[in-house]
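FYI, the numbering for the sequence shown is 56 to 639, going by the numbering used here.
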Amino acid sequence: MNGKGPAAVSTECSARAGVGALDPVTLTVIDNFLTSTCRDMGVTMMKTSYSPIFNESLDFSCVIFDPEGQMLAQAEFCPSQIGTIKFTVTWTLDELGLEAFEPGDVLLHNDPYRGSGHVPEHMMLKPVFWRGALFCFVANVAHMSEPGAKTPGGLSGDATEVFQEGLLLPPVKIKRRGEDVDDIWKIILANHRTPKVTYGDFRAMMASLDLAEDRIHELLAAHGEETVRAACRELVDIAERRMRAEIAAMPNGVYEFEDVIEDDGIADRSYPIRLRLTVADEEIIADFTGSATQAIGPVNAIYAVTASAVYNAILHLTDSTIPRNEGCYRPITVIAPPGTIVNCEFPAPVAGGNTETSPRITDMVFGALQHAIPERVVAACGGTSSPFLFGGVDPRNGALYAHFHFEGVGWGGRAGLDGNDMVVTINGNCRNTPVEVFETRYPAFVIEEYRLLPDSGGPGEFRGGLGGERVLTVVQEVTVSALLNRMQADPWGVLDGMNGARGGIWVKRAGSPSWQTFVEAFGTLSPSKFSGIRLQPGDRVRLVMPGGGGYGNPLKRKRGLIERDIAEGFVTLEAARIGYGYGQ
């Protein structure tokens, strides 16, 4: 989604009127300063936070906005959060008004029905004043490992309303004029199972905002307020012009695609998502009319999540050197009818919308455009964050712990390249927790196996990336939940590429000779979406992550690449014969 450099502003700006007709060098310096500020905010969060989801997984994003709520800069962190935070900030400013902000304030917000992505993701917003006047806002959004949901870690796979997904916070001040608002802290820490971790992660978020405020002051002191404001306006205009030019280069037309969420954890039915994508000169309209009505279970997406997923796709398909700010998004319109799985209504649960439905929507944009711009699109990735949540009591100190563990998947093949193996799905840009950290921090499990799965990537001229397998043995009683997809619906290929392999989750009870689904072992309503299951020492869990779809006709794959895959163990000889006609 990102990428910066002198080409990002180009010489087109030199002819623009403004403060001293801003030159390309000044614009590039200011653009890169704002972006590097966002990156350094993320480093601060990584280095000072308490939870692995922050300091290992980097499940957060850092952004700068102007007083009107226009995004001025972002760093290359989590695409889904970067898209949704536009709506979170806009809602906050509309609800409170600019007059509500004073120097030293920090606002906290995680309510999906006020524009946030889903309940675990908490947004912090701090106003930056310069010489007594509001200049901009610095913000971050991060996934808290414990949001106070009905089960440890949140993302309850069988939630039926948003209230079961954690403590909801409208835009409230957690700091007022530089001082903690103790009552808000007390409410939050009393509702989270791991208050120490929450406290440390919130402080890390605040520290990153403080750093950004200092950096903005440095920028203003070096270049002057008038020049920086003019540069921000110009950079937004440049981004819009360049994005419109990218879209104008695509063939005009109406392109359709359909995919499905296979179940919602509650009802035994699938939920189709339908996309009608219109490319009209310099604009794109993504219309989801005809998609399924909202689900009972937690696979619903709010409008902000759906829009963010579309933005994510378009940014992948266009020039990565375009400045990443408000201008990128202006040529893109998203239509998502209320009351559907892509724009649910209160109080529907939404946890899986951001982890499961979002990557599916991004892939659908690629699928829709596969014949229009085949050289740019990618086949479906594994399409699930594979959320595996757990918590319990640490026998070493008697404290509660909770963790949101996610896995990589295979990414789809694309023109000229095979898909990546076991990378976190396309909306995340995160890292999973290393085995050593996992076992050190959380005493419930020992990881027996962790490997790539042969034959899981869809055959194609360019093969889909491999999914993987992780096997865990329970050594202390633990409560687990899951919210996975792609157990029944394949990750699809494009341009005659074949589908990738499905994923899943199974359990082997202590003393049992065979693996079972959680439906068979515990009577859950879904094999991949459930919550609050207690496992005992000796039980084992097997997580399988889906592969990516293939790109292009498998019969066109070069023989040397097939032989390399066989030698590396990525593809078995039998699968090579079936999928690629090898040896025939």
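Even for Gly, the Cβ is constructed at its ideal location relative to N, Cα and C.
Own chain residues within Cβ distance below 8 Å of residue i, not counting five before or after
i    : result
P509 : L521, G624, F625, V626, T627 and A630
T344 : R329, R331, I390 and P392
T395 : F343, S346, A347, T348 and Q349
V217 : P167, Y168, V174, L223, F401, P402, A403, P404 and V405
A262 : T99, M100 and T103
Q571 : W561, V562, K563 and R564
F517 : G468, R469, A470, G471, L472, D473, G474, G552, G605, Y606, G607 and R612
Reduced DSSP secondary structure (H/G/I, E/B, other) of residue i
i    : result
T92  : helix
F156 : coil
N305 : It should be pointed out that residue 305 corresponds to Met in this sequence rather than to Asn. It is coil, neither helix nor strand.
M477 : coil
L538 : strand
D545 : coil
S116 : strand
P182 : strand
G465 : coil
S441 : coil
D620 : helix
V174 : coil
Y635 : helix
F401 : coil
Burial state of residue i (16 or more Cβ within 10 Å)
i    : result
V118 : buried
I502 : exposed
P107 : buried
V309 : exposed
L610 : exposed
P450 : exposed
L641 : For residue 641 there is no data in the structure shown, the boundaries of the chain being 56 and 639.
N307 : exposed
P134 : buried
T495 : exposed
Q639 : exposed
V80  : exposed
D86  : buried
D235 : exposed
A286 : buried
D29  : No statement about residue 29 is possible, as the shown extent of the chain runs from 56 to 639 and does not include it.
Identity of the residue in the options nearest residue i by Cα
i    : options                   : result
L244 : R232, G233 and R258       : R258
P429 : V217, L372 and F401       : L372
E82  : D95, E400, G602 and H278  : It should be noted that the sequence gives Leu, not Glu, for residue 82. Of the candidates D95, E400, G602 and H278, the one whose C-alpha sits nearest the C-alpha of L82 is H278.
T417 : V365, S441, G159 and V464 : V365
G172 : K181, K141, L590 and Y105 : K141
R595 : G634, A262 and Q531       : Q531
K644 : G209, F190 and N87        : What is shown of the chain runs 56 to 639, which leaves residue 644 out entirely.
M553 : V433, R589 and G523       : V433
R288 : A341, D149, G124 and A300 : G124
P548 : G513, L538 and V478       : In the sequence as displayed, the identity of residue 548 is Gly instead of Pro. Checked all of G513, L538 and V478; the closest Cα to G548 is G513.
F109 : Q591, L539 and V492       : V492
H198 : F190, V397 and H164       : H164
E411 : D551, Q425, M542 and L424 : M542
S679 : P327, R431 and V397       : Residue 679 cannot be examined here, being either before or after the span of the chain that is shown, 56 to 639.
P225 : G474, M179, N195 and I369 : M179
R186 : E111, K241, K205 and E280 : E280
S511 : K181, V283 and G474       : G474
T206 : D121, G519 and S586       : S586
A335 : A427, E176 and T579       : A427
L189 : F120, F88 and V533        : F120
Own chain residues within Cβ distance below 6 Å of residue i, not counting five before or after
i    : result
L223 : D166
R385 : E295
C436 : V464, W466, G467, T480, I481 and G603
T333 : V309 and I340
L527 : F500, I502 and V596
G203 : G221, L222, N246 and H247
S581 : D318 and G320
A267 : T92, M96 and V193
S413 : S135, V360, A364 and N482
Contact set for residue i: own chain, Cβ-Cβ below 7 Å, skip 5 residues either direction
i    : result
T215 : I321, I351, G352 and P404
N380 : M126, L127, A128, L290, V291 and A294
D545 : N554, G555 and R557
M298 : T373, I377, G382, C383 and P386
A362 : G138 and V389
E337 : R299, I302, A303 and P386
W146 : R169 and G170
Taking 8 Å as the threshold, find out whether the stretch 339 to 358 comes into contact with the stretch 273 to 283 through three or more Cβ pairs.
no
Is the stretch 78 to 96 in contact with the stretch 248 to 256, if contact means three or more CB pairs nearer than 8 Å?
no
Can you find at least 3 beta carbon pairs, one from the stretch 564 to 583 and one from the stretch 606 to 622, that sit closer than 8 Å?
no
Using 8 Å as the cut-off, can you tell me whether the stretch 224 to 239 makes contact with the stretch 147 to 161, which would need three or more C-beta pairs spanning the two stretches below that distance?
yes
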